[in-house]
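Colleague: Chains as they are written, first to last, in the numbering used here: chain A, 5 to 89; chain B, -3 to 420.
Structural data, given as structure tokens:
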């Protein structure tokens, strides 16, 4: 998956879980401040991403995510680690 | 003083529809449609069919709340709209919300997820969907009401307790405005199966509309129903000062415990007898002044027999007319007491005793004057409501017409007068 594809996945999940418009889910958008995500929403969002992408993310790495772009980066990084194995 | 009412019930999700259905004595019990009930011992219930939580809560909040909370919040919001404009210091605004089971459908759904997909697939909102206080919390959160906020879980008595304790909050000076009522959404596979295992539910599958038959000789159990009802309570002088149109007042409240059995009513109905007397004494009303009784009347063999005996004990052989709304609605468990209060306030206003749907064949062992299929004219005297719950919780309320009927104050600007929707 390339960056655009991953962004599309994150966007789809954010639209579903956070009830926001697709165009609001830009790489620079902050989950809490811009997309009105609570801490519990973030857990739900990650769970939905895990289900959609068919893998589990380490909790400590996810804790540092603030923006949509960071989520995309993390997924790409985890994907490449996964591919190397 | 009750200045606002909101209902979300199988008999209607607005006050006009609700009252006309109750007054017509039309049963709203039917086959379960919201899930596949095949395999369950009981496959009919009272469902709220014309309700979309998204209208009240939006998509996201609707996904994060149990149906119990959705119905309860909507009824509470309607009550506030009806009483509008309720303007007060938010710290003087309180909520008392009753529920028997809390988010039982969410317990079921999350348990299935746990088994099928594992513990790490539970919703992060599982707890806040399941907790019984979720409704009280959401009402305060959405309205910004920072006063006392309580959840009462006394089974079928929850809503009657909530309204009674709400009145106490006003009387003790802890609040100027109280939203009080109850909500329940136990019509789900576990709720149905569990109540059925107690032997509490009617199994009249050949004719669900005639299954809920309070005090009738052929009654065979109650019919589970879902829904919510809330009222806005305010001190009489405050309600009069702001030009609110009062539905009536809660004049007396009694509550006690059977301390007898976890499910069955106390032998001889001693708990119910004491409770009725407590409420009458609190209201300073003589039993002979009561115009009619809105009974607990669930349509189980035992409740109706014991309740009738208890009424005879308090009121003598010549009891006031008795009605049970559950013939129309089924049993809304933790919302039932609020339904009774709403029906009784409207009955007082319209001067009628509402009918008891499906009361066709009197039980020779029940020696009270049950109002059957047709409404009956009622005197102006107060109404007594009886609400009894599993666990032996009893609550009785005495409701009366507004002592100070609202008169348009000269010179009062029209916009300060409540303008919410009223029953037709």
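For glycine and all other residues, C-beta sits at the position ideal for the given N, C-alpha and C. On a predicted model such as this, the values are computed, not experimentally measured, just so you know.
To the nearest angstrom, how far is it from the Cα of residue 103(B) to the Cα of residue 75(A)?
Modeller: By one-based count along the second chain, residue 103(B) stands at place 107. By one-based count along the first chain, residue 75(A) stands at place 71. Distance between the alpha carbons of residue 103(B) and residue 75(A): 31 Å.
Colleague: Take the Cβ of residue 65(A) as the centre, count every other Cβ of all protein chains shown within 10 Å, and call the residue buried at 16 or more, exposed below.
Modeller: The sequence position of residue 65(A) within the first chain is 61, counting from 1. It is exposed - the Cβ of residue 65(A) has fewer than 16 other Cβ atoms within 10 Å.
Colleague: Step through the CB atoms of chain A and report whether any lies within less than 8 Å of the CB of residue 117(B).
Modeller: Position 121 of the second chain, counted from the first residue, corresponds to residue 117(B). Residue 117(B) counts as touching chain A.
Colleague: How about the stretch 126 to 139 of chain B and the stretch 302 to 311 of chain B: do they share at least three Cβ pairs that are nearer than 8 Å?
Modeller: no
Colleague: Run through chain B and tell me which residues come within less than 9 Å of residue 44(A), C-beta to C-beta.
Modeller: Numbered from 1 along the first chain, position 40 holds the residue referred to as residue 44(A). 60, 119, 120, 121 and 124, listed in chain order.
Colleague: Using a 10 Å radius around the Cβ and a threshold of 16 neighbouring Cβ atoms, would you call residue 100(B) buried or exposed?
Modeller: Here residue 100(B) is taken as the residue at index 104 of the second chain, counted from 1. Buried, because 16 or more other Cβ atoms sit within 10 Å of the Cβ of residue 100(B).
Colleague: For residue 86(B), which option in 278(B), 135(B) and 148(B) has the closest C-alpha, if you only look at C-alpha atoms?
Modeller: Locating residue 86(B) in the second chain gives position 90, counting from the first residue. Checked all of 278(B), 135(B) and 148(B); the closest Cα to residue 86(B) is 135(B).
Colleague: The beta strand (DSSP E) spanning residue 174(B) covers which residue range?
Modeller: Within the second chain, the letter at position 178 stands for residue 174(B). Start and end: 173 to 180.
Colleague: In this structure, does DSSP put residue 24(B) in helix, strand or coil?
Modeller: The count along the second chain starts at 1 and reaches residue 24(B) at position 28. Annotated three-state conformation of residue 24(B) is coil, per DSSP.
Colleague: Taking only beta carbons into account, state which residues of the stretch 66 to 78 of chain A come closer than 8 Å to chain B, listed in chain order.
Modeller: none
Colleague: Can you give me the Cβ contacts of residue 69(A) inside the same chain, cut-off strictly under 6 Å, excluding the 5 residues immediately before and after it?
Modeller: As a first step, residue 69(A) must be located in the first chain, where it is residue number 65. Excluding sequence neighbours, residue 69(A) sits near 75.
Colleague: Name the two residues that bound the continuous beta strand (DSSP E) containing residue 148(B).
Modeller: Here residue 148(B) is taken as the residue at index 152 of the second chain, counted from 1. From DSSP, the beta strand (DSSP E) with residue 148(B) extends over 145 to 148.
Colleague: Please name the residue, chosen from 390(B), 200(B) and 218(B), that lies closest to residue 271(B) on a Cα-to-Cα basis.
Modeller: As a working mapping, residue 271(B) is identified with position 275 in the second chain. Out of 390(B), 200(B) and 218(B), 390(B) has the C-alpha closest to the C-alpha of residue 271(B).
Colleague: Can you list, in chain order, the residues of its chain with a C-beta nearer than 7 Å to that of residue 46(A)? Leave out the 5 residues immediately preceding and following it.
Modeller: The count along the first chain starts at 1 and reaches residue 46(A) at position 42. Counting only Cβ-Cβ distances below 7 Å, and skipping sequence neighbours, we find 35.
Colleague: Consider the Cβ of residue 23(A): report whether some Cβ of chain B lies at a distance smaller than 8 Å.
Modeller: In the first chain, the residue the question calls residue 23(A) occupies position 19. Chain B contact via Cβ: present.
Colleague: Based on the DSSP output, what are the partners of residue 2(B) in its beta bridges?
Modeller: Residue mapping note: residue 2(B) aligns to position 6 of the second chain, counting from 1. DSSP lists 226(B) as the beta-bridge partner residues of residue 2(B).
Colleague: Can you pull the chain B residues whose beta carbon is under 8 Å from the beta carbon of residue 48(A), in chain order?
Modeller: The residue you call residue 48(A) lines up with position 44 of the first chain. Per Cβ cutoff of 8 Å: 119, 120 and 121.
Colleague: Classify residue 10(A) as helix, strand or coil using the three-state DSSP reduction.
Modeller: In the first chain, the residue the question calls residue 10(A) occupies position 6. In this structure, residue 10(A) counts as helix in the three-state DSSP scheme.
Colleague: Once the 5 residues before and after residue 339(B) are set aside, which same chain residues still bring their CB inside 7 Å of it?
Modeller: The residue labelled residue 339(B) in the question sits at position 343 within the second chain. Contacts found: 18, 290, 321 and 350.
Colleague: Let me check understanding here. Comparing Cα to Cα, which of 52(A), 86(A), 81(A) and 61(A) lies closest to residue 14(A)?
Modeller: By one-based count along the first chain, residue 14(A) stands at place 10. For residue 14(A), the nearest C-alpha among the options comes from 52(A).
Colleague: Between which two residues does the alpha helix (DSSP H) harbouring residue 271(B) extend?
Modeller: Walking along the second chain from the start, residue 271(B) turns up at place 275. Start and end: 266 to 279.
Colleague: With 8 Å set as the bound, which would you pick, yes or no: does the beta-carbon of residue 85(A) sit closer than that to a beta-carbon of chain B?
Modeller: Here residue 85(A) is taken as the residue at index 81 of the first chain, counted from 1. No, because no Cβ of chain B sits closer than 8 Å to the Cβ of residue 85(A).
Colleague: Against chain B, with Cβ distances strictly below 8 Å, would residue 51(A) count as a contact?
Modeller: In the first chain, residue 51(A) corresponds to position 47, counting from 1. Cβ-Cβ to chain B under 8 Å: yes for residue 51(A).
Colleague: Along the stretch 279 to 310 of chain B, what residues have a CB closer than 8 Å to any CB found in chain A?
Modeller: Flagged: no residues at all.
Colleague: Could you pull the DSSP bridge partners for residue 244(B) from this structure?
Modeller: On the second chain, residue 244(B) is found 248 positions in, with the first residue counted as 1. According to DSSP, residue 244(B) bridges with -2(B).
Colleague: Residue 55(B) touches chain A at which residues, Cβ-Cβ below 8 Å?
Modeller: Taking the second chain and counting its residues from 1, one reaches residue 55(B) at position 59. Chain A residues near residue 55(B): 23.
Colleague: Helix, strand or coil for residue 320(B)? Go by DSSP, reduced to three states.
Modeller: For this step, residue 320(B) is matched to residue 324 along the second chain. If DSSP states are grouped into helix, strand and coil, residue 320(B) belongs with coil.
Colleague: The alpha helix (DSSP H) with residue 51(B) in it runs from where to where?
Modeller: Indexing the second chain from 1 puts residue 51(B) at position 55. Residue 51(B) -> alpha helix (DSSP H) spans 49 to 59.
Colleague: Mind checking whether residue 218(B) and residue 198(B) have CB atoms under 8 Å apart?
Modeller: The residue given as residue 218(B) occupies position 222 in the second chain. The residue given as residue 198(B) occupies position 202 in the second chain. Yes; because the gap between Cβ atoms is below 8 Å, this pair is in contact.
Colleague: Helix, strand or coil, according to DSSP, for residue 19(A) in the structure here?
Modeller: If you number the first chain from 1, residue 19(A) lands on position 15. Reduced to three states, the DSSP call for residue 19(A) is helix.
Colleague: Report buried or exposed for residue 170(B), applying the criterion of at least 16 other Cβ atoms within 10 angstroms of its Cβ.
Modeller: Against the second chain, residue 170(B) aligns to sequence position 174. With fewer than 16 neighbouring CB atoms inside 10 Å of its own CB, residue 170(B) falls in the exposed class.
Colleague: Look up residue 31(B) in the DSSP assignment and say whether it is helix, strand or coil.
Modeller: Residue mapping note: residue 31(B) aligns to position 35 of the second chain, counting from 1. Correct three-state label for residue 31(B): coil.
Colleague: Take residue 174(B) as the anchor and find which of 165(B), 181(B) and 180(B) has the nearest alpha-carbon.
Modeller: For this step, residue 174(B) is matched to residue 178 along the second chain. For residue 174(B), the nearest C-alpha among the options comes from 165(B).
Colleague: First and last residue of the alpha helix (DSSP H) that includes residue 44(A)?
Modeller: For this step, residue 44(A) is matched to residue 40 along the first chain. 43 to 57 is the extent of the alpha helix (DSSP H) around residue 44(A).
Colleague: Reducing DSSP to helix, strand and coil, say where residue 258(B) ends up.
Modeller: Numbered from its first residue, the second chain carries residue 258(B) at position 262. In this structure, residue 258(B) counts as coil in the three-state DSSP scheme.
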